[in-house]
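Q: Structure below; questions to follow.
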Amino acid sequence: DADVHPGATEICDGKDNDCDGAVDEDLECVVLRGRTYVAATGASLAGAAVVVKAAGDCAIGQSIPGALKTLTTSPDGLYSTPLAPDSYCLEATAAGYTKMISVDLTLAVGDARRVDFGFQGADEATTWINVCGRVRDAGDLSPLEDASVKLGADNAANIVTASDTGADGDYCLGGVDLTKAQSWPMTAIADGYFPKLETPDGFTANVVNIVDFDLTPDPATACFEDGFEGDVSAWTASAPRWADGPPRSKT
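Numbering-wise, the sequence shown is residues 21 to 271 according to our numbering.
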């Protein structure tokens with residue numbers, strides 16, 4: 021490996037480039053990870069190629085040179101790689117399936133981004149869309165775990181698909197048939213926060229779109245929760261007591 025030798029410059033690649041016994045030391049690397057799977061069934065797709073490129077270099081109908089890194093998904097269809105903070109896009113290919121790309125991603129220090137690819141069979145008539153993103157607190161930008169993200173009309177009966185966020189506040193919705201919904205609003209909901217509605221300009225088949233949500237805390241909920249702080253384990257119920265016996269009705 022030409023990038024690994026004594027005196028080499030350490031870069032965000034998960035390797036000990038300078039052979040000093042430490043990996044990616046003194047760097048502020050970000051993590052990009054995800055999964056490849058068959059959109060129609062949800063089955064993991066192993067051995068897919070995920071290519072990291074500079075933002076603007078990914079396209080469905082053409083091949084633009086300039087791969088920065090090429091990854092191969094595991095038997096579970098998983099991939100993960102450290103990257104330097106910058107703007108990127110992804111191309112994903114697998115034998116027998118239509119090529120996929122992501123929209124451009126801007127990765128900042130401390131980011132951990134998830135991008136899943138739900139592949140369409142090369143001869144498959146169904147057109148699929150994929151959307152990933154994250155849910156954060158609008159104030160301190162901390163990730164919100166177990167938030168619910170829904171894709172579809174705001175009427176619950178018309179929800180196309182939904183997902184709960186992981187520890188990094190990330191979610192991915194995939195394997196969604198482009199013809200199954202007439203409108204595409206998205207809603208994020210989390211305990212203690214106001215819900216937020218986003219209406220993307222539109223989704224493109226075989227492109228992973230990114231929709232992020234920054235939620236504002238609901239003060240009413242926070243005040244309610246604060247009112248019950250403290251140890252209530254010793255609370256007991258008891259009958260009322262009166263010094264001179266129970267009150268008597270006047271006649």
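Where is the CB? At the ideal position from N, CA and C, for every residue including glycine.
Using a Cβ-Cβ distance under 8 Å, would Val231 count as near chain B?
A: In the structure shown, chain B does not exist; there is a single protein chain.
Q: Which of helix, strand or coil does DSSP assign to Pro205?
A: In this structure, Pro205 counts as coil in the three-state DSSP scheme.
Q: Considering just the uninterrupted stretch of the beta strand (DSSP E) at Cys49, what are its terminal residues?
A: It is not in any beta strand (DSSP E) - Cys49 carries neither H nor E in the DSSP assignment.
Q: Would Glu48 be called buried (16 or more neighbouring beta carbons within 10 Å of its own) or exposed?
A: With fewer than 16 Cβ atoms within 10 Å of its Cβ, Glu48 is classed as exposed.
Q: Report yes if the CB atom of Gly54 is closer than 8 Å to the CB atom of Tyr99, and no otherwise.
A: Taking 8 Å as the Cβ cut-off, Gly54 and Tyr99 qualify as a contacting pair.
Q: Judging by CA-CA distance, which residue of Pro239, Gly67, Gly159 is the nearest neighbour of Pro95?
A: Comparing Cα-Cα distances from Pro95 to each of Pro239, Gly67, Gly159, the minimum goes to Gly67.
Q: How many Å lie between Thr90 and Cys192 at the Cα?
A: Taking the straight line joining both Cα atoms gives about 22 Å.
Q: Can the beta-carbon of Gly97 be found closer than 8 Å to that of Tyr57?
A: Yes.
Q: With 16 other CB atoms within 10 Å as the buried threshold, where does Cys39 fall?
A: Under this definition Cys39 is an exposed residue.
Q: What residue does the beta strand (DSSP E) around Asp190 start on, and which one ends it?
A: First-last of the beta strand (DSSP E) with Asp190: 190–197.
Q: How many angstroms separate the CA atom of Asp234 from the CA atom of Leu164?
A: Between Asp234 and Leu164, the C-alpha separation is close to 9 Å.
Q: Leaving out five residues before and five after Thr147 in sequence, what residues of the same chain have Cβ atoms less than 6 Å from its Cβ?
A: These residues qualify, in order along the chain: Leu198, Ala225.
Q: I'd like to check one pair, Ala208 with Val151: are the Cβ atoms closer than 8 Å?
A: Against a cut-off of 8 Å, the Cβ pair of Ala208 and Val151 comes out as no contact.
Q: Please name the residue, chosen from Ile84, Gly138, Thr101, Ala74, that lies closest to Val43 on a Cα-to-Cα basis.
A: Per the Cα distances, Thr101.
Q: Short check: CB of Val231 to CB of Pro220, under 8 Å?
A: The answer is yes: Cβ separation under 8 Å.
Q: According to DSSP, simplified to helix, strand and coil, what is Pro239?
A: Pro239: helix per DSSP, three-state reduction.
Q: Specify, as a first and last residue, the run of the beta strand (DSSP E) that Val70 falls within.
A: 69–74 is the span of the beta strand (DSSP E), which, as asked, contains Val70.
Q: Counting only the same chain and skipping the five closest in sequence on each side, list residues whose C-beta sits under 8 Å from that of Gly247.
A: Because Gly247 carries a pLDDT of 47, less than 50, the predicted location of this residue cannot be relied on, and the following value inherits that uncertainty. Closer than 8 Å at Cβ, skipping near neighbours: no residue.
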